[in-house]
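>
There are 2 protein chains.
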Amino acid sequence: MNIGEVAKQAGLPPKTIRYYEDIGLITPLRDANGYRSFRDSDMHKLAFLARSRALGFTIEDCRNLLALWDDQDRASADVRAIAQEHLAQIESKIADLQAIRDTLSNLVHACAGDHRPDCPILNTLETMPSKAD
Amino acid sequence: MNIGEVAKQAGLPPKTIRYYEDIGLITPLRDANGYRSFRDSDMHKLAFLARSRALGFTIEDCRNLLALWDDQDRASADVRAIAQEHLAQIESKIADLQAIRDTLSNLVHACAGDHRPDCPILNTLETMPSKAD
DNA sequence: ATAGGAGTTCCAGTCACTGGAAGGTCAAGC
DNA sequence: GCTTGACCTTCCAGTGACTGGAACTCCTAT
Numbered sequence: 001m002n003i004g005e006v007a008k009q010a011g012l013p014p015k016t017i018r019y020y021e022d023i024g025l026i027t028p029l030r031d032a033n034g035y036r037s038f039r040d041s042d043m044h045k046l047a048f049l050a051r052s053r054a055l056g057f058t059i060e061d062c063r064n065l066l067a068l069w070d071d072q073d074r075a076s077a078d079v080r081a082i083a084q085e086h087l088a089q090i091e092s093k094i095a096d097l098q099a100i101r102d103t104l105s106n107l108v109h110a111c112a113g114d115h116r117p118d119c120p121i122l123n124t125l126e127t128m129p130s131k132a133d
Numbered sequence: 134m135n136i137g138e139v140a141k142q143a144g145l146p147p148k149t150i151r152y153y154e155d156i157g158l159i160t161p162l163r164d165a166n167g168y169r170s171f172r173d174s175d176m177h178k179l180a181f182l183a184r185s186r187a188l189g190f191t192i193e194d195c196r197n198l199l200a201l202w203d204d205q206d207r208a209s210a211d212v213r214a215i216a217q218e219h220l221a222q223i224e225s226k227i228a229d230l231q232a233i234r235d236t237l238s239n240l241v242h243a244c245a246g247d248h249r250p251d252c253p254i255l256n257t258l259e260t261m262p263s264k265a266d
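Chain order of the listed sequences is U and S.
Those letters in the first sequence? Residues 1 to 133, by our numbering.
Those letters in the second sequence? Residues 134 to 266, by our numbering.
1. Inspect the beta-carbon positions of Phe181 of chain S and Leu199 of chain S and report whether they are closer than 8 angstroms.
2. Which of the three DSSP states is assigned to Leu68 of chain U in this structure?
3. Assuming contact is defined by CB atoms lying nearer than 8 angstroms, are Val79 of chain U and Leu230 of chain S in contact in what I supplied?
4. I want to verify the contact list: residues of chain S whose CB lies under 9 angstroms from the CB of Gly56 of chain U, in sequence order.
5. How is Arg163 of chain S classed by DSSP in three states: helix, strand or coil?
6. Using a Cβ cut-off of 8 angstroms (strictly closer), state whether Met128 of chain U contacts chain S.
7. Is it buried or exposed for Lys150 of chain U, if we count other Cβ within 10 angstroms and need 16 for buried?
8. Please list, in chain order, the residues of the region 204-221 of chain S that have any C-beta partner in chain U closer than 7 angstroms.
9. Measuring alpha carbon to alpha carbon, tell me which residue in U:Ile26, U:Ala81 and U:Asp102 is nearest Ser238 of chain S.
10. Flag Val139 of chain S as yes if its beta-carbon sits less than 8 angstroms from any beta-carbon of chain U, otherwise no.
11. For Glu126 of chain U, which option in S:Lys178, S:Arg169, S:Ile150 and S:Thr160 has the closest C-alpha, if you only look at C-alpha atoms?
12. Does the CB of Ser185 of chain S have a neighbour CB from chain U at under 8 angstroms?
13. With DSSP collapsed to three states, give me the class of Arg207 of chain S.
14. What do you reckon, are the CB atoms on Ile159 of chain S and Asp175 of chain S nearer than 8 angstroms?
15. Under 8 angstroms by Cβ, that's how I've got Pro120 of chain U and Cys111 of chain U pegged, so tell me the actual separation to the nearest angstrom.
16. Contact criterion: CB-CB distance below 8 angstroms. Does Asp61 of chain U meet it with respect to chain S?
17. Could you spell out where the alpha helix (DSSP H) holding Met128 of chain U opens and where it closes?
18. Kindly indicate which residue of S:Asp204, S:Leu188, S:Ala208 and S:Val241 has the alpha-carbon position closest to the one of Leu107 of chain U.
This is the structure we're talking about:
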């Protein structure tokens, strides 16, 4: 199967698939004309990668997850550790964003948003407490 | 004032301050020895930038906000529009992350996390529906 | 005089792609 | 047989917002 067809099936752009080969996540064969030739195992890996990336795992996480996936003797604890660490980071990022959202939402509601120059948003950016204070 | 002192007061690393000069957000004067010399106006801008960046505004947003801040005749609507657009993006990102968190949380709880190889996390990454399906 | 802690510039690297140029290959239609 | 157009190839550069490091100068204290 050529890269275009594989891309459709995996839901990844061809560029990304070439990139994944570059960094050693997959190693498709080559046809006589130099075209990449993807086996079922390559397809499976790409689908796995697409899903892992969609869940926000880093490429290095994906590399490790793929290795565990390949390893029939893995301990599920190793997989779980990666996922749990990632989950913790997601939760921390959500908390950060929620704090930002609350502040931002207050500011937007406090601002008249008309032709006049007076603006609580700018006033706040000018004076609000920050790390440095 | 030298860059180190300014960095402390603004809560930004010296490297970042130099970078902000590079991209034209500030233009401090120079002393005879070549050191940057920051005026009060530079300090205010840097504090403004630190706060805006902490709220997740992009550098280009910050550039626009700074320009509006400088403009006594601005319409608060222009400021509000930038903040509102940014707020919308934050909210969308929060929603994305919450969906990921929910999936991930389910997976982590479903996985025994022991020495056995059987792992619902890997099973799901192998087969869960994705964009491509 | 020297040691250290400032400051300076410039270049390279981060992460995970993405765009674009320049060129080779293949299948279909004339 | 030739062209057209869609596909494939490689390689290089750019993204955002810094950050690390090298190589250098400058200032202050001992």
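Every residue, glycine too, gets a C-beta built ideally from N, C-alpha and C.
On a predicted model such as this, the values are computed, not experimentally measured, just so you know.
Reading it off the structure:
1. Locating residue 181 of chain S in the second sequence gives position 48, counting from the first residue. Locating residue 199 of chain S in the second sequence gives position 66, counting from the first residue. Yes. Within cutoff.
2. The residue labelled residue 68 of chain U in the question sits at position 68 within the first sequence. Leu68 of chain U falls in the helix class under three-state DSSP.
3. Numbered from its first residue, the first sequence carries residue 79 of chain U at position 79. Numbered from its first residue, the second sequence carries residue 230 of chain S at position 97. Cβ distance not < 8 angstroms, so Val79 of chain U and Leu230 of chain S don't count as in contact.
4. Reading the first sequence from its first residue, position 56 is the one you call residue 56 of chain U. Ordered by position in chain S, the residues that pass the 9 angstroms Cβ test against Gly56 of chain U are Asp229, Leu230, Ile233 and Leu237.
5. Residue numbering aside, residue 163 of chain S sits at position 30 when the second sequence is read from its first letter. Residue state, collapsed to three classes: strand.
6. Residue mapping note: residue 128 of chain U aligns to position 128 of the first sequence, counting from 1. So, interface residue.
7. Given that chain U is displayed from residue 1 to residue 133, the structure contains no residue 150 of chain U and the question cannot be resolved.
8. Gln205, Asp206, Arg207, Ala208, Ser209, Ala210, Val212, Arg213, Ala216, Gln217, His219 and Leu220
9. In the second sequence, counting from the first residue as 1, residue 238 of chain S sits at position 105. Out of U:Ile26, U:Ala81 and U:Asp102, U:Ala81 has the C-alpha closest to the C-alpha of Ser238 of chain S.
10. For the purposes of this step, residue 139 of chain S is identified with residue 6 of the second sequence, where counting begins at 1. By this cut-off, Val139 of chain S is not an interface position.
11. Start at 1 with the first residue of the first sequence, and residue 126 of chain U comes out as number 126. Closest option to Glu126 of chain U, Cα to Cα, is S:Lys178.
12. As a working note, residue 185 of chain S is residue 52 in the second sequence. It does; some Cβ of chain U falls within 8 angstroms.
13. Locating residue 207 of chain S in the second sequence gives position 74, counting from the first residue. Correct three-state label for Arg207 of chain S: coil.
14. Here the question's residue 159 of chain S lines up with position 26 in the second sequence. Here the question's residue 175 of chain S lines up with position 42 in the second sequence. It is a contact, given that the beta carbons lie within the stated cut-off.
15. Numbered from 1 along the first sequence, position 120 holds the residue referred to as residue 120 of chain U. Numbered from 1 along the first sequence, position 111 holds the residue referred to as residue 111 of chain U. Rounded, the Cβ-Cβ distance is 5 angstroms, consistent with contact.
16. Here residue 61 of chain U is taken as the residue at index 61 of the first sequence, counted from 1. Judged by the 8 angstroms Cβ criterion, Asp61 of chain U is not in contact with chain S.
17. Your numbering for residue 128 of chain U matches position 128 in the first sequence. Note, Met128 of chain U: premise wrong, no alpha helix (DSSP H); not H, not E.
18. Along the first sequence, one-based indexing puts residue 107 of chain U at 107. Of S:Asp204, S:Leu188, S:Ala208 and S:Val241, the residue nearest in Cα terms is S:Leu188.
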